[in-house]
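Student:
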Amino acid sequence: MRTAFGAEFAVPEGYLNTPSIGVPPSSVADAVAASVEQWRTGGASAPGFDAAVAAARAAFAGIIGVAEDRVASGASVSQLVGLVAAGLADGARVLVAEGEFTSASFPFAAQADRGVTVTEVPLAELAARAPGYDLVVVSVVQSADGALADLDALRATGVPVLLDATQAAGWLPLRLDWADWVVAAGYKWLLSPRGAAWLAVHPRALARTRPVAANWYAGEDRWQSVYGLPLRLADGARGLDLSPAWLAQTGAAVALPYLASLDADAVRAHCVGLADRLLAGLGLASRGSAIVSVECSPRVAERLTAAGVRAAVRAGKTRFGFHLYNTDSDVDRVLSAFG
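Counting in numbering that gives the first Met the number 0, the sequence shown runs from 0 upward without gaps.
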């Protein structure tokens, strides 16, 4: 058991795989376990989960720096991005970063039958190439290697932007109220169960976001919207809500307020400090990210596994992620494997 930032984590030594799956604080796991027990014993009620959905929504808004009423609640990044993709005009031109995580790009590529085109360019060229496109789609932090998008340059283009904050929210201080759309999944750096995700929609983009998964939970009065027409969705982003995955929202309702309560600059300093120490130990320059991706030989890979280091292979390199619960001992474990 490790204690960090006022919480306990049952995380093993050498766990550096947060970019794949975050390890929750014990309080989050306990809340989910209690909810499972309530379900198992017939004590759960559907309206009883509404407070959890509301708490997670509010905390997510705080983490990314937007107003709460801009946030829709969903289940996954691709599901929520699909609302944006469906709202594009026929023949729209979309620009994405080369090698972008496909949950952000595939929903647009799936619109090809309507003449929507998707063009990939290197991350560093995204802002320069943006003029002339109808939408830019990019992760704030790239999943494969932790590279950070130049958000100031993208904002300056004036081109509509969809940002995927999945690999950023939870460790990187964010103020994204200028973006047209911001999406993130909860099960990585937001330390929540899989099945909870959120989409922030700027008021100017709301009419271009299509509720293709319209359902009773998005109703103006959700408990009076369960039967019969006409369509009666809530105003604003809540009209884009998906009926919630209850257990996932139960965990998110504990995890996100906890993260929102932390000093974001202190969190970044901790996470990036560990990542930069690893890079320095390998003779590499600082990258300013909590995610480090490096080449390693088969022999080093075997030694990492033998040392109990949990990481992932992405784009042909070994990827390490440093979050709240990581320490210098995790860095030392990796450096020892590299010899």
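We put the CB at the ideal spot given by N, CA and C, even for glycine.
Keep in mind that this is a model prediction, so the values were computed, not measured.
Would Gly185 and Ala196 qualify as a contact pair, given that the criterion is a beta-carbon distance under 9 Å?
Tutor: Cβ atoms of Gly185 and Ala196: closer than 9 Å.
Student: Are Val31 and Phe8 closer than 9 Å when you measure CB to CB?
Tutor: Going by C-beta atoms, Val31 is not nearer than 9 Å to Phe8.
Student: Mind checking Ala206: buried by the 16 CB within 10 Å criterion, or exposed?
Tutor: It counts as exposed.
Student: DSSP three-state label for Glu12, please.
Tutor: DSSP places Glu12 in coil when its eight states are reduced to three.
Student: Quick one, which of Cys270, Gln141, Ala167 has its alpha-carbon nearest Asp327's?
Tutor: Of the listed residues, the one whose Cα sits closest to Asp327 is Cys270.
Student: For my contact list, Thr116 and Val93 are in at a C-beta cut-off of 8 Å; report their separation, rounded to the angstrom.
Tutor: Between Val93 and Thr116 the Cβ distance is about 7 Å, and since that is below 8 Å, they are a contact.
Student: Which residues in the same chain as Gly250 place their Cβ atom closer than 7 Å to its Cβ, once the five residues preceding and following it in sequence are excluded?
Tutor: Around Gly250: Pro23, Val27, Ala30, Val31, Ser191, Pro192.
Student: Grouping DSSP H, G and I as helix and E and B as strand, with all else coil, what is Gly21?
Tutor: Note: Gly21 maps to coil in three-state DSSP.
Student: Within 10 angstroms of its Cβ, does Gln110 collect 16 or more other Cβ (buried), or is it exposed?
Tutor: Under this definition Gln110 is a buried residue.
Student: Alpha carbon to alpha carbon, how far is Arg302 from His322? Give it in angstroms, no decimals.
Tutor: When rounded, the distance between both Cα atoms is 22 Å.
Student: Grab me the residues of Leu153's own chain with a C-beta within less than 8 Å of its C-beta, minus the 5 sequence neighbours each way, in chain order.
Tutor: Hits under 8 Å: Leu125, Ala126, Ala129, Val135, Val137, Val160.
Student: With DSSP run on the structure shown, which of helix, strand or coil describes Leu122?
Tutor: Leu122 falls in the helix class under three-state DSSP.
Student: When DSSP builds the beta bridges, which residues end up paired with Phe319?
Tutor: Paired residue(s): Val291.
Student: Using the Cα positions of Leu82 and Val120, report the straight-line distance between them to the nearest angstrom.
Tutor: Cα-Cα distance, rounded: 24 Å.
Student: Output the boundary residues of the alpha helix (DSSP H) element that contains Thr304.
Tutor: It spans 297 to 305 - the alpha helix (DSSP H) in which Thr304 sits, taken as one unbroken run.
Student: With the cut-off set at 9 Å, would you say Ala348 and Arg286 are in Cβ contact?
Tutor: Outside the displayed span of the chain (0 to 338) sits residue 348, for which this structure offers no information.
Student: Buried or exposed, going by whether 16 or more other CB atoms sit within 10 Å of the CB of Gly73?
Tutor: Gly73 should be labelled buried.
Student: CB-CB under 6 Å to Ala91, same chain, minus the five flanking residues each way: which ones, in chain order?
Tutor: If we look at Ala91 and ignore the five residues flanking it on each side, its Cβ neighbours are Val115, Asp133.
Student: Going by DSSP, what residue range makes up the alpha helix (DSSP H) through Gly272?
Tutor: Run containing Gly272: 263 to 280, per the alpha helix (DSSP H) assignment.
Student: Report yes if the CB atom of Asp89 is closer than 9 Å to the CB atom of Ala314, and no otherwise.
Tutor: No, the pair does not count as a contact, with Cβ atoms beyond the cut-off.
Student: Should Tyr257 go down as buried or exposed, given a rule of 16 or more other Cβ atoms within 10 Å for buried?
Tutor: Buried is the call here.
Student: Please classify Arg56 as buried or exposed, where buried requires at least 16 neighbouring CB atoms within 10 angstroms.
Tutor: So Arg56 ends up on the buried side.
Student: Can you check which of these residues, Ala33, Arg69, Ile62, Thr156, is closest to Pro202 by C-alpha distance?
Tutor: For Pro202, the nearest C-alpha among the options comes from Arg69.
Student: Let me make sure I understand the geometry here. Which of Phe4, Asp49, Val182, Ala259 has the alpha-carbon closest to that of Ala71?
Tutor: Ranking Phe4, Asp49, Val182, Ala259 by Cα distance to Ala71 puts Val182 first.
Student: Buried or exposed for Gln223, please, with buried defined as at least 16 other CB atoms from any protein chain shown within 10 angstroms of its CB.
Tutor: Gln223 is exposed by the Cβ-count criterion.
Student: Along the chain, where does the alpha helix (DSSP H) containing Leu82 start, and where does it finish?
Tutor: 76 to 85 is the span of the alpha helix (DSSP H), which, as asked, contains Leu82.
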